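Using our numbering, the letters of the sequence shown map in sequence onto residues 42 to 307.
Using N, Cα and C, we set each Cβ at its ideal position, and we do this for glycine too.
Please read these numbers as outputs of a predicted model, since none were measured by experiment.
Reviewing the structure listed below.
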Amino acid sequence: MAIIALVSAKGSPGVTTSALACTLSWHRRLVLAECDPAGGSVLAGYLGGVLDGPRGLGELAVGELRDGNLETMFWSQLVDLDAPKRERLLLPGVVDPVQAGSVAPLWQRFADFFGTLENGVPPYDVLVDCGRLAAVGPPWPVLRAAAVVLVVTRATLPGISATRSLVRTIGRDFTEHRVAPGSLRLLVVGDGHGNSEISKALGLPVIARLPDDPRTAEVLSLGGTVRAGRSLMRAAGALEVPVGALLDRRRARLGWPTGQEVPHAV
Numbered sequence: 042m043a044i045i046a047l048v049s050a051k052g053s054p055g056v057t058t059s060a061l062a063c064t065l066s067w068h069r070r071l072v073l074a075e076c077d078p079a080g081g082s083v084l085a086g087y088l089g090g091v092l093d094g095p096r097g098l099g100e101l102a103v104g105e106l107r108d109g110n111l112e113t114m115f116w117s118q119l120v121d122l123d124a125p126k127r128e129r130l131l132l133p134g135v136v137d138p139v140q141a142g143s144v145a146p147l148w149q150r151f152a153d154f155f156g157t158l159e160n161g162v163p164p165y166d167v168l169v170d171c172g173r174l175a176a177v178g179p180p181w182p183v184l185r186a187a188a189v190v191l192v193v194t195r196a197t198l199p200g201i202s203a204t205r206s207l208v209r210t211i212g213r214d215f216t217e218h219r220v221a222p223g224s225l226r227l228l229v230v231g232d233g234h235g236n237s238e239i240s241k242a243l244g245l246p247v248i249a250r251l252p253d254d255p256r257t258a259e260v261l262s263l264g265g266t267v268r269a270g271r272s273l274m275r276a277a278g279a280l281e282v283p284v285g286a287l288l289d290r291r292r293a294r295l296g297w298p299t300g301q302e303v304p305h306a307v
């Protein structure tokens with residue numbers, strides 16, 4: 042499925058929780074890339090801070106700026122969320138503001154590289170947690186390269202109001218950079234206004250709604266045992282179907298070619 046990006050306006054609509062729930066419940070091989078300029082949270086939260094040394098986007102950026110070795114270094118920076126299967130991998134986000142400065146100039150480089158992973162052996166799709174677009178140094182090139190961009194919003198009036206401005210900002214940027222239309226969809230979180238009402242207010246289709254599930258959200262945020270039968274995990278797993286269908290339609294409409302498969306260094 043190439044690159045699927047999740048982004049929000051502000052507050053805590055659940056971008057990281059949603060992205061992690063999808064990563065743990067979808068059936069395809071995935072890399073979850075934490076590209077939130079404000080920093081990653083999965084290592085310290087869901088994984089409980091257990092890691093054998095520095096790893097992640099910040100280290101990758103430093104290595105790329107120093108040696109230009111992104112392709113070879115990338116696989117050593119990943120964490121296997123379902124070891125040893127290597128089917129659900131995490132690229133942890135930055136943990137130090139200094140690292141954020143190193144990452145910002147490389148967003149286009151990362152976007153180009155992420156786009157090659159679907160043609161590797163084995164192929165991986167990339168779920169990108171872009172965080173809040175209001176953060177300093179947002180990953181615009183990654184959003185432009187994404188086959189699907191899920192704009193995450195709460196179903197409340199404040200959430201919808203903040204998201205309206207975000208949708209307009211993304212729309213202007215995509216038009217300016219000649220991004221093919223059709224990639225944007227709304228991912229609604231929680232109770233509140235109905236899908237049709239939200240879609241009409243924001244001018245975008247709602248691809249799915251994830252339920253409020255505080256117990257599962259706490260596990261995904263702070264660690265613990267994820268139960269596949271919980272409502273959030275079921276809804277996140279079901280999201281794989283409409284996202285895959287959207288990508289298939291975009292492929293057919295845009296005539297995207299199939300790339301040459303390239304072995305991954307694992």
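Problem set entry | Endpoints, alpha helix (DSSP H) assigned at residue 282 | Looking up residue 282 in the sequence shown gives position 241. It spans 281 to 295 - the alpha helix (DSSP H) in which residue 282 sits, taken as one unbroken run.
Exercise. Out of curiosity, what's the CA-to-CA distance linking residue 58 and residue 265?
Worked result: Along the sequence shown, one-based indexing puts residue 58 at 17. Along the sequence shown, one-based indexing puts residue 265 at 224. Their Cα atoms are separated by approximately 14 Å.
Problem set entry | Residue of 231, 182, 166 and 48 minimising C-alpha distance to residue 79 | Position 38 of the sequence shown, counted from the first residue, corresponds to residue 79. Checking every option, the nearest Cα to that of residue 79 belongs to 48.
For this session: Would you give the residue range spanned by the beta strand (DSSP E) that residue 172 belongs to?
Result: Sequence index remark: in the sequence shown, residue 172 carries index 131 (1-based). Its beta strand (DSSP E) spans residues 166 to 173.
Exercise. Is residue 216 buried or exposed, if buried means 16 or more other CB atoms sit within 10 Å of its CB?
Worked result: Locating residue 216 in the sequence shown gives position 175, where the first residue counts as 1. The residue in question, residue 216, is exposed, as its Cβ has fewer than 16 Cβ neighbours within 10 Å.
Exercise. Taking the alpha helix (DSSP H) that residue 263 falls in, what are its first and last residues?
Worked result: Counting from one through the sequence shown, the residue named residue 263 turns up at place 222. Its alpha helix (DSSP H) spans residues 255 to 263.
For this session: Classify residue 133 as buried or exposed, calling it buried when 16 or more other Cβ atoms lie within 10 Å of its own Cβ.
Result: One-based indexing of the sequence shown puts residue 133 at position 92. When all chains shown are included, residue 133 counts as buried.
Exercise. Helix or strand or just coil, what does DSSP make of residue 123?
Worked result: Your numbering for residue 123 matches position 82 in the sequence shown. In this structure, residue 123 counts as coil in the three-state DSSP scheme.
Exercise. Taking Cβ to Cβ, would you say residue 44 is nearer than 8 Å to residue 221?
Worked result: As a working note, residue 44 is residue 3 in the sequence shown. As a working note, residue 221 is residue 180 in the sequence shown. Their beta carbons are not under 8 Å apart, which means residue 44 does not touch residue 221 by this criterion.
Problem set entry | Under the three-state DSSP convention, the category residue 302 falls into | The residue labelled residue 302 in the question sits at position 261 within the sequence shown. Annotation note: pLDDT 46 at residue 302 (below 50); position unreliable, coordinate value reported separately. Correct three-state label for residue 302: coil.
For this session: For residue 176, collect the residues of the same chain with a Cβ closer than 8 Å to its Cβ; drop the 5 residues on either side in sequence, then sort them by chain order.
Result: Working through the sequence shown from its first residue, we reach residue 176 at position 135. Excluding positions up to five away in sequence, the list reads 77, 78 and 79.
Exercise. Per DSSP, residue 45 forms a beta bridge with which residues?
Worked result: By one-based count along the sequence shown, residue 45 stands at place 4. Beta-bridge pairing links residue 45 to 168 and 189.
Problem set entry | Coil, strand or helix - residue 102 by DSSP | Stepping through the sequence shown from its first residue, residue 102 is reached at position 61. Residue state, collapsed to three classes: helix.
For this session: Use the C-beta contact count for residue 90: other C-beta atoms within 10 angstroms, 16 or more gives buried, fewer gives exposed.
Result: The residue you call residue 90 lines up with position 49 of the sequence shown. Exposed is the call here.
Exercise. Is it buried or exposed for residue 74, if we count other Cβ within 10 angstroms and need 16 for buried?
Worked result: Here residue 74 corresponds to residue number 33 of the sequence shown, with the count starting at 1. Result: buried.
Problem set entry | CB-CB length for residue 70 against residue 164, believed under 8 Å | Position 29 of the sequence shown, counted from the start, is the residue given in the question as residue 70. Position 123 of the sequence shown, counted from the start, is the residue given in the question as residue 164. Right, the Cβ-Cβ distance comes to about 7 Å (below 8 Å), so this counts as a contact.
For this session: Verify whether the separation of the beta carbon atoms of residue 386 and residue 192 is less than 8 Å.
Result: Since the displayed the chain opens at 42 and closes at 307, residue 386 lies outside it and no answer follows.
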